[in-house]
Every structure is written in structure tokens, then in C-alpha cells.
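Student: Just passing along the structure, written as C-alpha cells.
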Amino acid sequence: MKRTLHVKDIILITLIAIIFGFIYVASDNIYNFLTLILTPIGYGPLANDITMGIWCMAGPLAGFIVRLPAAAFLGEFLGSCVETFAMAQWGAANFLSGFIQGLGNELGFTLTGYKHYGWFTLFLSATTTTIVTYLYDFFKNGYNQFSIFNMILYFVVRWISMLLFSCVLVKLIVNLLERSHVINLQTTQD
Amino acid sequence: MNPSLKLFLVLIISLEVSLKANLLANLILIFISLIYLFIHRVSLKELLGLIFVPLIAAIAIFIAIYYYSPAHDLIYAWTLFSRLYTFVFLGACLTKTTTATQLSRSLEQNMHLPTKFAYGTLAAFNVLPKIGQEVKRIHAAGQMRAMNLSFYSPRLYFKAILSAISWADGLNDAMQAHGFRETQARSIIDPIALTKKDWLLFILLLISFQPILFFLYI
Amino acid sequence: MSSTYKPLKISHLSFGYDKNKPILNDINLTIPRGGFSLITGPTGCGKSTLLRLIAGLNLQGKIIGGQIENVPCKWSMVFQNSDRQFTMATAYQELVFTLENLQISRARALKTIKEVATVTNISDLLHKKIVNLSGGEKQRIAFAVALAMKPDLLLLDEAFASCDQRNREFLQKQLLTFKNYGCTIIAVDHNLDGYQDMCDQVYLFKNKTLALADETETRTLFSPKSKMELAFKIPAKENLVFASRNLSYVQEKTLVAKSNFYLPQNSSVLLTGENGAGKSSLFKVLTKLLAYNGSLSYQNKEVKKLKAKKYLRNVSQVFQNSDDQFLMVTVGEEIDFSLKHNANSLLNEEKIQHILKSWGLNRRDQVVYSLSGGQKKKFQVLLMVLANPDVLLLDEPFAGLDLASSQEVISFLKKYYLSQTKSLIVISHQFNNISELCDYHLHLRDKKLTYVSH
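Protein chains in written order, with the working numbering: chain A, 166 to 355; chain B, 4 to 221; chain C, 261 to 714.
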């Protein structure tokens with residue numbers, strides 16, 4: 166029997182997204198630091214790709230905890246909505262990126278039919294997010310002007326970041342949650 | 004202007020700007036946004052914040068495009084630089100002049116967003132300050148026992164999520180205790196107006212932007 | 261006939277994770293419409309769970325037997341934690357939110373809001389951000405919302421826990437309004453002050469089940485408790501671990517102003533004060549989680565300038581919320597981790613195992629978050645004593661512990677912590693055996709921290 170998203174799930178997903186946003190902003194120093202040291206050699210924007218994995222963790226995590234369609238998308242998107250209001254650093258760009266990232270995250274779960282929740286799904290989600298967001302950045306952030314070498318470099322760096330954070334780190338977190346019997350309770354409740 | 008329409012206007016224009024590179028359009032939007040913000044009395048301190056916070060990232064992109072990309076396109080570099088600020092200022096037009104509460108209620112009343120989304124998100128947003136304290140407390144608990152929990156440790160997130168689950172339970176209870184039922188209709192006590200005039204303004208602004216974006220070039 | 265006229269009836273209700281280990285066992289309860297029932301019992305006995313079952317809120321576990329009948333549809337609840345009562349940012353918005361949920365019209369709603377705001381004295385708080393208000397003010401707002409709802413059933417879950425005496429009396433008077441229009445009230449509380457004249461029945465929790473208190477029991481419960489006579493010394497101002505000058509700190513409002521708080525070496529201090537006065541906030545200041553004005557020094561070094569990472573190894577806290585303390589998932593993992601960083605020469609693995617066994621905590625694979633409240637508290641203290649900081653701050657470590665367990669904790673602290681040159685500050689509302697643990701009494705009152713002798 167398929168259950169639907171209830172208020173409690175929406176609150177939880179949004180909270181998860183806010184937490185990740187908070188931790189991300191707290192580690193913003195890393196972003197700025199990377200940007201500062203990479204800019205003089207022309208790789209400033211790479212800081213974005215290096216840290217993007219952290220930014221995209223909320224979605225897969227929400228998808229794993231609330232195992233329903235749209236959970237992952239909402240995790241990313243609602244998070245970005247709240248962050249736009251709370252920290253206006255990126256402005257409207259946040260909404261758009263959040264939307265795109267959300268779509269990318271969701272795709273991974275869709276491709277496994279919302280039935281399989283393990284390493285493979287996370288790997289898939291990380292990869293689909295990389296592809297979708299890269300295509301978007303291709304136009305929005307001017308990646309289409311880079312040399313071919315750089316285009317590939319940025320893609321690979323982004324992919325690695327996604328895998329490290331949105332796949333590996335997320336799985337480690339999920340493992341802890343499962344061991345503490347918190348996740349099982351979420352899915353059997355209705 | 005009606006909050007929902009403001010949101011859509013900002014989103015649509017932002018989306019268009021992100022896909023079509025036009026330096027002049029960006030500058031015009033920044034200029035108009037600044038006027039709008041000025042009319043709505045946004046403080047100087049906030050404005051300076053909007054300028055300085057994204058500065059590092061904006062410069063980074065400029066340098067990457069102008070100095071290091073094969074085409075060394077100066078116009079394109081400036082376009083991307085200004086694009087970042089276009090997003091920031093457009094976003095500010097929304098966030099500095101509308102509260103999250105107003106926006107959620109407008110989406111509920113005017114756009115018929117299901118109440119569970121409108122209030123679920125709003126409830127979570129309203130506990131934002133508490134989340135910050137929570138994360139700090141978790142971090143301190145780790146330091147007391149010689150464990151450094153930082154952004155790459157799964158344990159930090161694990162603890163934070165446990166808190167989130169507890170918060171979500173509490174908020175859900177609070178909503179129910181105050182009569183909220185997902186499937187039940189609600190009355191309107193503080194109406195948010197959405198008039199034909201609002202729609203007209205929205206369409207007018209949107210349409211008048213199109214030629215600027217597509218035909219006005221440097 | 262509408263179901264709200266029949267009495268609320270709970271028959272043979274059992275609830276738990278499984279049949280073999282029920283949390284509630286064979287509960288029987290009949291509450292007439294318009295009646296006021298008080299349910300009391302020690303912390304952790306299941307009172308809140310019962311209330312939540314009546315309300316139909318989400319719970320972990322399931323009903324194993326029996327049933328609840330005739331619960332009115334229009335119910336409202338006031339919770340213990342004043343932070344977790346509200347969806348919206350201001351009292352006005354919360355009232356609007358609630359009345360919209362009940363499909364009240366605009367005209368009637370505005371009138372109701374004005375009325376309840378006047379009655380509960382929150383008219384000037386209506387548009388202030390709730391996060392900036394004190395616990396007592398938040399509870400007044402919670403009551404205002406409940407009043408505005410005009411429910412047929414009002415559930416109170418330790419609703420006055422964060423109120424001081426004045427607020428408590430004020431809000432208890434509001435309960436009469438509910439009673440007057442025929443609302444059924446069920447209150448759960450372990451502090452019975454003030455209920456005497458308005459409640460019709462008192463139920464006692466014993467062994468996972470409820471029993472109606474008879475005449476004698478009721479009289480005993482409501483008889484004024486004899487004031488405990490305690491005597492303390494005033495500590496000398498020398499060999500100080502913490503010293504301060506014009507210390508002040510703010511959380512939502514100024515809690516302490518221009519105080520010259522000090523903590524001597526080798527001392528054990530009881531910290532008391534009204535609810536919301538700023539005791540937990542003092543701990544936040546001492547653990548660098550809250551900024552302060554003025555000067556506060558630890559071992560003659562300004563706390564503001566010390567690095568948290570090293571400082572917190574020396575000044576640590578046993579948190580009020582046990583779950584905040586744990587870093588691992590199972591009991592075994594926590595012990596192993598603490599033993600790895602064991603800074604306490606008085607304890608070794610063998611001794612720990614022995615203590616854990618006597619406390620009933622020797623199942624290594626047990627998830628710490630599923631321990632009982634009392635077990636969690638004891639375990640917290642054990643883990644922090646292993647970390648052996650110079651100063652240990654304990655925030656309500658005895659809450660929910662029975663007399664025997666409190667004694668175990670006190671003995672443990674004396675044997676393995678205070679026997680070294682350490683300092684300890686305890687925030688506690690329970691004064692049983694406290695003079696055994698503490699030499700000094702620090703009282704927070706009128707924004708000042710002073711040592712008192714009683």
C-alpha cells in the first residue's frame with residue numbers, strides 16, 4: 166500500500182534541507198578559501214564544483230529517509246527556497262539551482278523505481294545530478310566558453326565531489342540512522 | 004505586488020537570464036532592482052551586504068572567463084559577472100520585501116498550493132534559529148569528548164537528523180493540537196489580494212522584458 | 261446524540277512495542293463530560309503517552325489491547341516544551357492559523373483574538389517573534405490559542421513546567437474559563453500545586469496502570485510539602501577556577517547583569533533559580549555557546565579568548581536533554597570510545613563493567629537512544645566522568661530518577677569524580693540528598709548570581 170507525503174514528512178524534509186544548508190554555509194569559508202587560491206590560476210569557479218557535493222546531500226538523504234516519490238526533489242528544492250530567504254547570498258540563483266539539483270537527485274531514485282535503496286541508487290543519483298546540473302551550468306555559468314580540457318575537468322571534479330559527499334557520505338549517515346532504528350520506524354508508519 | 008506573482012516574475016526572469024547572455028539586460032535589471040529596493044527602504048547595510056558577499060565568486064568567474072578561457076571574451080566575462088549580481092538583486096527584490104509567511108499564505112490562497120506544503124515548510128522555516136543552536140550544541144558535545152565533528156563527518160549529520168526527526172514530530176503535534184488537518188479546508192482570516200490589476204502588471208512587466216532580453220544588445 | 265455528551269471512556273487499554281513489554285497496561289478511565297481529571301505519577305511512567313493516545317497523535321508502538329471511546333473531535337493540547345507549541349512566528353499569526361484551521365470567519369476571529377489576548381495578558385506580545393519570548397510568555401500564548409479554540413477537550417501535558425509560580429497561578433485560573441463552558445480537561449503533572457480546588461478526580465500511575473486515588477491518597481497528594489531545611493557554607497574567594505567581573509549575558513532578554521560570579525577549586529555547587537531565570541544559559545556561557553559581556557576568566561585566562569576545542573576538554577557539561585550527549589549508536593560503542601580517551605585514572609574497563617552491570621546497562625548492543633530516561637541520565641554521567649574534565653556542569657541530572665537512582669549517581673560522582681581536585685555545578689529542582697553532593701548553593705535571582713547559606 167503506497168502512502169503519500171504527509172505534513173510530518175514535509176516538515177522533516179525541509180528541516181533536513183535546512184540543516185544541510187546551515188552546515189554548508191558554516192563551511193562556506195572553505196568555498197571562499199578555495200575560490201581565493203584558485204582564482205589567480207583561473208580555476209576560481211572550480212570551487213563551486215569541488216563543494217557541490219556537499220550542497221547536494223539533502224536530496225538523497227531526504228529520499229532515503231522518506232522513501233516516496235518527490236522526497237529527494239523536495240529535499241533539495243525546499244531547502245534552497247528556505248536558504249534564499251534566510252541567507253540572500255545567491256539570490257534567485259538559489260531557487261533555480263535548487264530546482265535543477267532537485268530534479269537531478271530525484272532522477273536517480275526514479276530510475277530505480279523507488280524500490281531499491283542502497284549504494285547503487287545513491288551512485289545513480291549522484292551521477293544524474295552531476296549531469297543535470299552540469300548541463301545547466303554549461304549555459305548559466307559559462308562553462309561553454311571553457312577549453313575542452315577544462316570542460317572535462319570541471320565535469321570530472323564535480324562528479325568526484327558528488328560521489329564523495331552525496332553518495333559515500335550520505336550512505337555512511339544512512340547506515341548510522343539504520344543502526345539506531347530510526348529509519349525503519351519512518352517507513353512503517355502511516 | 005502580490006507575493007506569488009512577485010515570486011513567479013523573479014523566477015521566470017531569472018531563468019531567462021540564466022539561459023540567454025545579455026550584458027545590457029543584466030545591467031537594466033540590476034538598476035531596476037536597486038530602485039525597487041530603494042523604494043522599499045532596504046537599509047544601506049543590507050545593500051552593501053548584497054554587493055560584497057558574492058564579490059569573491061563574481062570575480063572568480065570573471066577572471067576564469069576573461070584571462071583563462073580560449074576566447075578571452077571580455078563582454079561575456081562582464082555578462083557572467085553581472086549575471087551573478089542580477090540573481091542576487093532580483094532575489095533581494097523578493098526576499099527583502101516579502102516575508103516567508105506572506106509568501107506561503109499567498110501561495111496557499113492565490114495559487115491553491117496544498118496546505119500541507121504551505122505550512123509544513125513554514126513551520127520548518129520558523130524553527131531555523133533553533134537549528135543553528137542545535138548544530139552548535141552537537142559540535143560542542145563532540146569537542147567535550149575529544150571528537151571533532153565537522154562537515155565531512157557522518158556523525159554530525161546523523162545527530163542533526165535525529166534532532167530534525169524529533170523537531171518534525173513536535174511540530175506535527177503542535178499543528179494538530181491547533182486544529183490543523185491536512186485534508187480539511189481552511190477559512191481565510193487575513194486575505195491576500197490577487198486582483199486583475201495584479202495580473203495585468205505581471206504580464207506587462209514580463210512582456211516588456213522580452214524585447215530587452217532578445218533584441219537589445221551591446 | 262453527539263458523542264461529546266458521553267463520557268470519555270478508556271477500557272482495558274494496553275500499549276507498547278509488543279505484547280510482552282507494554283508501556284501501558286490495562287488502563288481504565290472514565291471522565292464525565294466537563295470533568296477535570298488530574299493524572300500524576302513519576303517521570304517516565306507513561307502519562308504523556310496516554311495523553312497522546314487520547315489525542316490520536318503519532319506514537320512509536322501500537323495499541324495492544326482495549327480501546328478509547330468518545331474522544332471529542334474538537335480537542336486542544338498544551339505541551340510541556342514551550343518551544344514546540346507553535347507553527348508560526350508570532351502569537352497573532354498562530355491565532356490566525358489556528359482559527360483558519362477551525363474554519364472560523366474573519367469577523368468572528370478578530371473578535372476572539374482580541375478577547376483571548378486581553379484575558380491572557382498577551383495583547384502587547386501579539387506581534388513579537390515567539391522565539392524571543394520567555395518560557396512563561398510562550399505558555400501564556402499557548403493557553404490563549406487553546407482558549408480561542410474553545411475545545412471540547414483540553415489536554416495539558418506538564419503545561420506549567422516552564423512557568424514560574426506567578427505564571428502558573430495565573431494560567432491555572434484560566435482553566436476555570438474552560439471548565440465554565442463545559443470543556444473536559446485532562447491534566448498530566450507531577451507537581452500538584454494549584455489543582456486542588458478545581459480537579460474532580462486524581463489518578464495515580466502505578467506499575468504501568470492507572471488507579472483512582474481515594475480520599476486519603478488525594479489528601480496526602482495535596483498536602484503542602486514540608487520545606488526542606490538545608491544549610492550551606494559560603495565559599496571563600498580564593499583558588500578560583502572561574503572568576504568574573506561585571507558578567508552579564510542575554511538570551512531573549514537580559515538574564516544576568518553585572519554579576520561577579522566565581523567558582524572555587526575543589527567545590528561542589530548547587531545552582532537554583534526560577535524557571536527561565538538563566539541557569540542553563542549560565543552553562544551555555546561557561547561552555548562558550550553563548551556570548552557574554554564583562555569579564556569571565558578560567559584559570560586566569562579570559563574565556564572569550566580561549567579556543568573551544570581545548571577548553572571544552574576541561575569544562576564539560578552533562579546536558580539536560582540526554583540524547584544531546586551521545587555520539588555513538590550503541591552502549592558498547594560509547595564505552596569503547598570513552599575508554600579510548602579515558603582521562604580518569606580511577607576507572608578502568610573492569611570497574612566500568614561492574615558499574616554498568618549494577619545499573620542494568622550491560623547490554624553492549626543496546627541502542628543508547630532506546631534506553632529509559634533514567635538509564636540515559638546515569639549513562640551520561642558515567643561517560644562524562646570518564647572524560648574527567650576539571651569542571652563538570654550538570655543540567656538537571658536527577659530529573660526522572662527515583663530516590664535510589666539519584667543516590668547511585670551521587671555516590672558515583674563522589675567516588676570517581678569529586679575525590680579528585682575538581683569543581684562541579686549542578687542545576688536541580690530536586691533536593692533529596694543534595695547536601696550530600698553539594699557544599700555550596702548558588703542562587704540566581706534578580707539578574708545576580710550569589711552564594712546563599714540555605
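All C-beta atoms, glycine included, are put in the ideal place defined by N, C-alpha and C.
(1) Along chain B, which residues have their Cβ under 8 Å away from the Cβ of Gln456 of chain C?
(2) If you count every other CB in all the chains shown that lies within 10 Å of the CB of Tyr277 of chain C, and 16 or more means buried, which is it?
(3) Could you tell me whether any Cβ in chain C is nearer than 8 Å to the Cβ of Thr179 of chain A?
(4) By Cβ distance, which residues of its chain are closer than 8 Å to Asn535 of chain C, with the 5 residues on each side in sequence left out?
(5) Please list the residues of the segment 226-243 of chain A that have a C-beta atom closer than 7 Å to any C-beta atom in chain B, keeping them in chain order.
(6) Looking at chain B, which residues of the segment 298-328 of chain A have a Cβ within less than 7 Å of any of its Cβ atoms?
(7) Distance, Cα to Cα, Thr353 of chain A vs Arg108 of chain B?
(8) Examine chain A for any beta-carbon lying closer than 8 Å to the beta-carbon of Asn280 of chain C, and answer yes or no.
(9) Are at least three pairs of beta-carbons, each pair with one atom in the segment 57-77 of chain B and one in the segment 5-22 of chain B, less than 8 Å apart?
(10) Measure from the C-beta of Lys173 of chain A to each C-beta in chain C and report whether the shortest distance is under 8 Å.
(11) Let me know if Ala103 of chain B comes out buried or exposed under the rule of 16 or more other beta-carbons within 10 Å of its beta-carbon.
(12) Just mark His714 of chain C as buried or exposed, buried being the case when its beta carbon has 16 or more other beta carbons within 10 Å.
(13) Which of the three DSSP states is assigned to Leu436 of chain C in this structure?
(14) In chain order, what residues of the same chain have a beta carbon less than 6 Å from the beta carbon of Gly8 of chain B, not counting five sequence neighbours either side?
(15) Excluding sequence positions up to five away, which residues of its chain have a Cβ less than 8 Å from the Cβ of Thr277 of chain A?
(16) Can you check whether the C-beta of Gly135 of chain B is within less than 8 Å of a C-beta belonging to chain A?
(17) Let me make sure I understand the geometry here. Which of C:Ser632, C:Phe543 and C:Lys561 has the alpha-carbon closest to that of Asp583 of chain C?
(18) Please check the pair Pro649 of chain C and Asn574 of chain C, which I expect to be a contact at CB under 8 Å, by giving their CB distance rounded to whole angstroms.
(19) Can you name the start and end residues of the alpha helix (DSSP H) that Gln667 of chain C belongs to?
(20) Hey, Asn129 of chain B and Ile195 of chain B are a contact pair by Cβ (cut 8 Å); roughly how many whole angstroms apart?
(21) Just checking: is the beta-carbon of Arg168 of chain A within a distance shorter than 8 Å of some beta-carbon in chain C?
(22) Please indicate yes or no: does the CB of Leu643 of chain C lie closer than 7 Å to some heavy atom of the ligand HEM?
(23) Grouping DSSP H, G and I as helix and E and B as strand, with all else coil, what is Ala351 of chain C?
(24) Hey, quick one: how far does the beta strand (DSSP E) through Leu273 of chain C stretch, first residue to last?
(25) What are the boundary residues of the alpha helix (DSSP H) that includes Arg505 of chain C?
(26) May I ask you to list, following chain order, the residues of the segment 161-185 of chain B that have a beta carbon less than 9 Å from some beta carbon of chain C?
(27) Counting only the same chain and skipping the five closest in sequence on each side, list residues whose C-beta sits under 7 Å from that of Ile265 of chain A.
(28) Taking C-beta to C-beta, are Ala568 of chain C and Gln146 of chain B nearer than 8 Å?
(29) Would you call the segment 690-709 of chain C in contact with the segment 505-519 of chain C, where contact means no fewer than 3 C-beta pairs closer than 8 Å?
(30) For my contact list, Ile181 of chain A and Ala227 of chain A are in at a C-beta cut-off of 8 Å; report their separation, rounded to the angstrom.
(31) Just the Cα atoms here: how many angstroms apart are Ile373 of chain C and Thr118 of chain B?
(32) Pull up the DSSP beta-bridge partners for Asp699 of chain C, would you.
(33) Pick from A:Asn306, A:Asn309, A:Val322 and A:Met316: whose alpha carbon is nearest that of Thr292 of chain A?
(34) Classify Thr186 of chain B: buried if its beta carbon has 16 or more other beta carbons within 10 angstroms, exposed otherwise.
(35) Which runs of the alpha helix (DSSP H) spanning at least 4 residues fall entirely within the segment 595-636 of chain C, listed in chain order?
(36) Using 8 Å as the limit for Cβ to Cβ distance, is Ile33 of chain B near chain A?
Tutor: Taking the definition as stated:
(1) In the third sequence, the residue the question calls residue 456 of chain C occupies position 196. Under the 8 Å cutoff, chain B gives no residues; its nearest Cβ is about 26 Å from Gln456 of chain C.
(2) Taking the third sequence and counting its residues from 1, the one referred to as residue 277 of chain C is at position 17. Counting the other CB atoms within 10 Å of its CB gives Tyr277 of chain C a total below 16, which places it among the exposed residues.
(3) On the first sequence, residue 179 of chain A is found 14 positions in, with the first residue counted as 1. No, Thr179 of chain A lies away from the interface with chain C (no Cβ there is under 8 Å from its Cβ).
(4) As a position in the third sequence, residue 535 of chain C is number 275, starting the count at 1. Gly395, Gly396, Ala421, Ser422, Cys423 and Asp424.
(5) Listed in sequence order: Leu243.
(6) Against chain B - using a Cβ distance shorter than 7 Å - the residues of the segment 298-328 of chain A are Phe304, Lys305, Asn306, Gly307, Gln310, Phe311 and Ser312.
(7) Within the first sequence, the letter at position 188 stands for residue 353 of chain A. Within the second sequence, the letter at position 105 stands for residue 108 of chain B. With a pLDDT of only 40 at Thr353 of chain A, under the threshold of 50, the placement of this residue in the model should not be trusted, and no figure is reported.
(8) The sequence position of residue 280 of chain C within the third sequence is 20, counting from 1. So no, Asn280 of chain C is outside the interface.
(9) Contact fails: fewer than three Cβ-Cβ distances are below 8 Å.
(10) Residue mapping note: residue 173 of chain A aligns to position 8 of the first sequence, counting from 1. Contact of Lys173 of chain A with chain C is assigned, a C-beta pair being separated by under 8 Å.
(11) If you number the second sequence from 1, residue 103 of chain B lands on position 100. Residue environment analysis places Ala103 of chain B among the buried positions, since at least 16 neighbouring C-beta atoms fall within 10 angstroms of its C-beta.
(12) The sequence position of residue 714 of chain C within the third sequence is 454, counting from 1. By the neighbour-count rule (16 or more Cβ atoms within 10 Å), His714 of chain C is not buried but exposed.
(13) The residue you call residue 436 of chain C lines up with position 176 of the third sequence. In the structure shown, Leu436 of chain C sits in a helix (DSSP, three-state: H, G or I).
(14) Start at 1 with the first residue of the second sequence, and residue 8 of chain B comes out as number 5. Correcting the residue identity first, residue 8 of chain B is Leu in this sequence and not Gly. Result list for Leu8 of chain B: Asp201 and Phe205, in chain order.
(15) To locate residue 277 of chain A, count along the first sequence from 1; it is residue 112. Excluding residues within five positions, the ones whose Cβ falls inside 8 Å are Phe285, Thr286 and Leu289.
(16) In the second sequence, the residue the question calls residue 135 of chain B occupies position 132. Yes, Gly135 of chain B counts as interfacial toward chain A.
(17) Taking the first residue of the third sequence as position 1, residue 583 of chain C is located at position 323. Of C:Ser632, C:Phe543 and C:Lys561, the smallest CA-CA separation from Asp583 of chain C is found for C:Ser632.
(18) Here the question's residue 649 of chain C lines up with position 389 in the third sequence. Here the question's residue 574 of chain C lines up with position 314 in the third sequence. Indeed, because the Cβ distance is near 5 Å, the residues count as touching under 8 Å.
(19) As a first step, residue 667 of chain C must be located in the third sequence, where it is residue number 407. Its alpha helix (DSSP H) spans residues Leu663 to Tyr676.
(20) The count along the second sequence starts at 1 and reaches residue 129 of chain B at position 126. The count along the second sequence starts at 1 and reaches residue 195 of chain B at position 192. Not confirmed; about 18 Å, so no contact.
(21) Mapped onto the first sequence, residue 168 of chain A falls at position 3. So no, Arg168 of chain A is outside the interface.
(22) By its list of ligands, the structure shown contains no ligand whatsoever, and the ligand HEM lies outside what it can speak to.
(23) Within the third sequence, the letter at position 91 stands for residue 351 of chain C. Three-state DSSP puts Ala351 of chain C in a helix.
(24) Taking the first residue of the third sequence as 1, we reach residue 273 of chain C at position 13. Annotation for Leu273 of chain C: the continuous beta strand (DSSP E) segment containing it runs Leu268 to Asp278.
(25) As a first step, residue 505 of chain C is located in the third sequence; it is residue number 245 there, counting from the start. For Arg505 of chain C, there is no enclosing alpha helix (DSSP H); the residue is found in the beta strand (DSSP E) stretching over Leu500 to Gln511.
(26) Within the segment 161-185 of chain B, those residues whose Cβ lies closer than 9 Å to any Cβ of chain C are, in chain order, Phe161, Lys162, Leu165, Ser166, Ser169, Trp170, Asp172, Gly173, Leu174, Asn175, Asp176, Ala177, Met178, Gln179, Ala180, His181, Gly182, Phe183 and Arg184.
(27) Here the question's residue 265 of chain A lines up with position 100 in the first sequence. Cβ neighbours of Ile265 of chain A beyond the five flanking positions: Val297, Thr298 and Tyr301.
(28) By 1-based counting over the third sequence, the position of residue 568 of chain C is 308. By 1-based counting over the second sequence, the position of residue 146 of chain B is 143. Their beta carbons are under 8 Å apart, which means Ala568 of chain C touches Gln146 of chain B by this criterion.
(29) Yes: at least three Cβ pairs fall under 8 Å.
(30) Residue numbering aside, residue 181 of chain A sits at position 16 when the first sequence is read from its first letter. Residue numbering aside, residue 227 of chain A sits at position 62 when the first sequence is read from its first letter. The Cβ separation is near 5 Å, so the contact holds.
(31) Numbered from 1 along the third sequence, position 113 holds the residue referred to as residue 373 of chain C. Numbered from 1 along the second sequence, position 115 holds the residue referred to as residue 118 of chain B. Straight-line measurement puts the Cα of Thr118 of chain B at about 22 Å from the Cα of Ile373 of chain C.
(32) Here residue 699 of chain C refers to the residue found at position 439 of the third sequence. DSSP lists no partner for Asp699 of chain C.
(33) Locating residue 292 of chain A in the first sequence gives position 127, counting from the first residue. That would be A:Val322, whose Cα lies nearest to the Cα of Thr292 of chain A.
(34) As a first step, residue 186 of chain B must be located in the second sequence, where it is residue number 183. Label assigned to Thr186 of chain B: exposed.
(35) Segments of the alpha helix (DSSP H) lying fully in the segment 595-636 of chain C: 609-618.
(36) For this step, residue 33 of chain B is matched to residue 30 along the second sequence. Closer than 8 Å: no.
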